[in-house]
Amino acid sequence: MKILVVDDCQTTRKLLSLYLKSKGYTVVTAENGLDAIEKLGTDTINLVLTDLNMPYMDGLELIKNVKADANLQHIPIIMVTTEADPEEREKAMSAGASAYMVKPVTADKVSENIVLILKQMFGKGGPDNV
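If you count the sequence shown from 1, you need to add 95 to reach this note's numbering.
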């Protein structure tokens, strides 16, 4: 399973990548939403972890763009952000996020959320490419 980690902070990208690789996932990284859109167009991605606040295209706009694209809209997106505000959470979930996690996160918490999302997808007869 290939996961795209989108965050403007290189340290966060590295940390999340290490967490995910330790759980057996393949990881691709992007530094903002525009970079992520480009990678989604050229690579087969099964799940996206994205930050909210980033330059050029923030996480909310990234979610909206992915969910508006018929070729990408099936990809689950987990928002991983420092924003604990319930309003921000609601905006992300309304835009199409599958989960919302507040930093700092642990490898186990990220993995738990991924497993829950996959169970939900397969319970609905999820996509063949996961």
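Even glycine gets a Cβ: it sits at the ideal position worked out from N, Cα and C.
Are residue i and residue j close, meaning C-beta to C-beta below 9 Å?
| i | j | result |
| --- | --- | --- |
| Val-101 | Leu-155 | no |
| Ala-60 | Ile-170 | Given a span of 96 to 225 for the chain in the structure shown, any question on residue 60 remains unanswerable. |
| Lys-97 | Ile-140 | yes |
| Leu-142 | Leu-99 | yes |
| Asp-103 | Asp-138 | no |
Which value, in whole angstroms, describes the spacing of the CA atoms of residue i and residue j?
| i | j | result |
| --- | --- | --- |
| Pro-150 | Met-216 | 31 Å |
| Asn-148 | Val-175 | 10 Å |
| Gln-105 | Lys-198 | 15 Å |
| Tyr-120 | Tyr-195 | 20 Å |
| Asn-224 | Leu-213 | Because Asn-224 carries a pLDDT of 43, less than 50, the predicted location of this residue cannot be relied on, and no value is offered for it. |
Going by Cα to Cα distance, which pick from the options is closest to residue i?
| i | options | result |
| --- | --- | --- |
| Ile-132 | Glu-182, Lys-162, Glu-185 | Lys-162 |
| Ala-190 | Gly-218, Gln-168, Leu-111, Tyr-114 | Gln-168 |
| Leu-110 | Val-200, Glu-207, Leu-211 | Val-200 |
| Ala-165 | Gly-218, Leu-135, Met-152, Ser-112 | Leu-135 |
In the DSSP assignment, what are the bridge partners of residue i?
| i | result |
| --- | --- |
| Val-175 | Met-196 |
| Lys-214 | DSSP lists no partner for Lys-214. |
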